[in-house]
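For reference, the structure is listed below as structure tokens.
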Amino acid sequence: MNAHAHPPEDSAPDVDELVGDVERLEALIARWDESQRMLVFAYGRAIEALHKGALRKLIGGVKAAPGALEALRAAASDPLVYAVLRRHGLIQPSLQERIESALASIRPMLASHGGDVEFVAFLPPDAVEVRFLGNCDHCPSSTLTFVAGVKQAIEEHCPEIKQVRQVKGAVAAQGRVDFVSPFAASLEGRWLYATTLESIPEQGAKACALNGAPLIFSRLGRVVTCFRDACAHLGSPISGGAVSQGRIVCPRHAFEYDLMSGECLTAPEAQLQAVAVRLVGERVEVRFEV
């Protein structure tokens, strides 16, 4: 066996290993004198510029091909690919990243009063919910703080968000709820485990049955939707239809639906039947009457 053979592709180090290598090198370089450090930094910037230019040309050259955009989105969902593309500014930060950045900018002010704030949920198409923690939760001036600070920070970082709502009370006892669909009236009631977040393809569709009820799931990042797997036209399953960029076409009569809203793009008066869904960590749970 050739001792210098390259390891198989699936044995490549994961993101944590690669980040660890970079951090160890940075710690070593930090002990060098300034002239050596400046030389290394200049070399690093040149390599990064080379990689950025190559990646930009690669993406520009393939994105016009049929199905390329969907393939690029799928590739960017890999943590390593996403980290590199974000590093080079070739993709924009996700909505949740920008919301967290907005909250981070206001936290020092809240901390000075013994409080904090956390992101609760994104409610499509343009609303988010946040919750005050610590002293800010019961402070009489929390409404003023909310309007003057948190709301303004989120709107500045995320101009597409038109509504910022303050919610009160603790999250469900079984864990932090990262996302609750707008079809769920509250967190109360019996929630059933359905699937995992990673099993649902980005802007794709996953069909499964829960307690005998056929369901279809989709997601955009950590925003999850769930509908009855039944066309609003004649009730036949839609899960076998063609899916592209967050849309699905019923295989029987070609009715097209938006998998984020459930809207029928063929007949606007029709709508998929929504099911309340929430994300707890990586668990996707639903609440409905079978």
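Here our numbering is used: the first residue of the sequence shown is 3, the next is one more, and so on. All C-beta atoms in this analysis are idealised placements derived from N, C-alpha and C, irrespective of residue type, glycine included. Only a predicted model underlies this, so the values are computations on that prediction, with no experimental measurement involved.
- Message: Can you tell me whether Ala129 is helix, strand or coil according to DSSP?
- Response: strand
- Quick one, are the C-beta atoms of Gly223 and Gln98 less than 8 Å apart? yes
- Query: Shortest alpha-carbon distance to Arg89 belongs to which of Ile101, Asp118, Ala51 and Glu72?
  - Reply: Ala51
- Message: Since Leu236 and Tyr259 should fall inside the 8 Å C-beta cutoff, what is the C-beta to C-beta distance between them, to a whole number of angstroms?
- Response: Contact flag wrong, Cβ pair sits at about 14 Å.
- Query: Is the beta carbon of Ser238 sitting closer than 8 Å to the one on Ile218?
  - Reply: no
- Query: With burial defined as no fewer than 16 other Cβ atoms inside 10 Å of the residue's Cβ, what is the status of Gln94: buried or exposed?
  - Reply: exposed
- Would you grab the beta carbon distance between Phe121 and Glu102 for me? Rounded to a whole angstrom, and I think it's under 8 Å. 6 Å
- Query: Should Ile202 go down as buried or exposed, given a rule of 16 or more other Cβ atoms within 10 Å for buried?
  - Reply: buried
- When DSSP labels each residue in this structure, what does Met3 get in the three-state scheme? In this prediction, Met3 has a pLDDT of 41, which is less than 50 and means its spatial position is unreliable; nothing more can be read from the coordinates.
- In terms of residues, what are the limits of the beta strand (DSSP E) holding Pro216? Ala215 to Leu222
- Task: Go through its chain and collect everything with a Cβ distance to Leu199's Cβ below 8 Å, but skip five positions before and after it.
- Result: Arg221, Arg224, Val226, Leu281, Glu284, Arg285 and Val286
- Message: Whole angstroms are fine: how far does the CA of Ala67 sit from the CA of Asp23?
- Response: 36 Å
- Message: I'd like to confirm the pairing. Which residues does DSSP put opposite Thr197 in its beta bridges?
- Response: Val286
- Roughly how many whole angstroms lie between the Cα atoms of Leu41 and Ala29? 16 Å
- Message: Rounding to the nearest angstrom, what Cα-Cα distance links Ala278 and Trp34 in this structure?
- Response: 57 Å
- With distances taken Cα to Cα, identify the nearest neighbour of Pro127 among Met111, Ser107 and Pro161. Pro161
- Message: Using a Cβ-Cβ cutoff of less than 7 Å, which residues in the same chain neighbour Cys210 once the five nearest sequence positions on both sides are dropped?
- Response: Ala196, Thr197 and Leu217
- Message: Once the 5 residues before and after Arg254 are set aside, which same chain residues still bring their CB inside 6 Å of it?
- Response: Ser238
- Considering only C-alpha positions, which residue in the set Phe229, Ala85 and Lys54 is nearest to Val21? Ala85
- Message: For a minimum of 3 consecutive residues, which ranges assigned as the beta strand (DSSP E) are wholly contained in the region 50-133?
- Response: 117-125
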